[in-house]
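Chemist: One structure is given below, represented as structure tokens, and several questions about it will come after.
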Amino acid sequence: MEITARVWEGTDYLPRVFDRWLADPGSTFEVAEEQGTVVAFHRLRPLSAGVVLYEGLRVAEEHRRRGVARAMLRHGLEEAASQGFRELRVITGNPAACQLFESEGFRRLVHCAVWLAGRVEGPDLPRLASPEEVPGLLARLREDPAWEVYGGVNADWEQVAELDEQLLGQLAAEGRIRVGPGGRALALLVANPHNRLAVSLVAGSGAILQDLLMGLRFEADSQGYKGVRLFAPPRHPSGDDFAEVGYHLAHGQVQRYAYARELDAL
């Protein structure tokens, strides 16, 4: 995986998933070659009916700034449209990639900065939501100010998915939803985090949300993580609550930018 050797200072996730990607019959994996050598690749993976995720765009270092990434992206858009998809989504932590997507007509769904908090020993771990609670949780989430700032999507690396009953049901079944009393605060967890418990979305406000956020710090400690990494828009309406219980807006962390592009016009 020479193409990825210097990506994210050698910590690119692609080498770990490359073989699985190649073996996935439900996705489209494409490469660009020059004189028999692979110089770029990307993947298209269906998310739901009509929606496909564009991921893994990589260009060999010596071929960058030659328009290869733009050509790959345009080909990916055409391929997705030819397969009948109506929308292509992408999530990135690379500001340069943001410029590329915006110049190609993508609209930004959400930008999530990173809030960090250290682990704390405590007895009150947050409660896991059950699948039976999902309809009520979704109804409250749609009325929460966080709904708008997150753009109605869960900005997870694995799937920039609509915040709907199907997604919340899946996350609840996987044990990835934490809730406060009465479901009035909610946190969606990321699968397989690195060194911190990771949260892709948080909603709620006031004391109930603060208790949930502290509970996440307790959970991080109980699972041996360094702390919590919370992804939230910089102007999240509950930012003051984050700070009140020890979360701080971190600099130098990989942020998340999710985009979408309609394919009907292609």
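So the sequence shown is numbered by full-length UniProt numbering: it starts at 1 and just counts up by one.
Here a beta-carbon is modelled for each residue, glycine too, at the ideal position from N, C-alpha and C.
Computed from a predicted model, the values in this text were never measured in an experiment.
Helix, strand or coil: which one does DSSP assign to valine 7?
Modeler: A caution first: valine 7 carries a pLDDT of 45, below 50, which makes its placement in the model too unreliable to give a value.
Chemist: Going by the beta-carbon positions, is the gap between leucine 230 and valine 190 smaller than 8 Å?
Modeler: no
Chemist: Quick one, are the C-beta atoms of glutamate 219 and proline 126 less than 8 Å apart?
Modeler: yes
Chemist: What are the boundary residues of the beta strand (DSSP E) that glycine 227 is part of?
Modeler: 227-232
Chemist: Taking the C-alpha atoms as reference points, what is the distance between residue 267 and alanine 117?
Modeler: Here the chain covers residues 1 to 266 and nothing more, so residue 267 does not appear.
Chemist: For residue 272, I'd like the list of residues in its chain whose CB is within less than 7 Å of its CB, leaving aside the five on either flank, ordered along the chain.
Modeler: Since the first residue shown for the chain is 1 and the last is 266, residue 272 is missing from the structure and cannot be characterised.
Chemist: Compare the Cα-Cα distances from serine 103 to each of Ser27, Gly36, Val254, Arg74 and report the closest residue.
Modeler: Arg74
Chemist: Which same chain residues end up closer than 6 Å to isoleucine 254 when comparing Cβ atoms and leaving out the 5 residues on each side of it in sequence?
Modeler: For the record, residue 254 in the displayed sequence is valine; it is not isoleucine. Taken in chain order, the residues that qualify are Gly93.
Chemist: Less than 8 Å between the C-beta atoms of alanine 23 and tryptophan 115, yes or no?
Modeler: no
Chemist: Label alanine 69 either buried or exposed according to how many other C-beta atoms from any shown protein chain fall within 10 Å of its C-beta, with 16 as the threshold for buried.
Modeler: Classified as buried, alanine 69 has 16 or more neighbouring CB atoms from the shown chains inside 10 Å of its CB.
Chemist: Whole angstroms are fine: how far does the CA of proline 233 sit from the CA of cysteine 112?
Modeler: 4 Å
Chemist: May I have the straight-line CA-CA distance separating alanine 80 from glycine 246, to the nearest angstrom?
Modeler: Rounded to the nearest whole angstrom, the CA to CA distance from alanine 80 to glycine 246 is 44 Å.
Chemist: Using a Cβ-Cβ cut-off of 8 Å (strictly less than) and excluding sequence neighbours within five positions of glycine 136, which residues of its own chain qualify?
Modeler: Excluding sequence neighbours, glycine 136 sits near Gly183.
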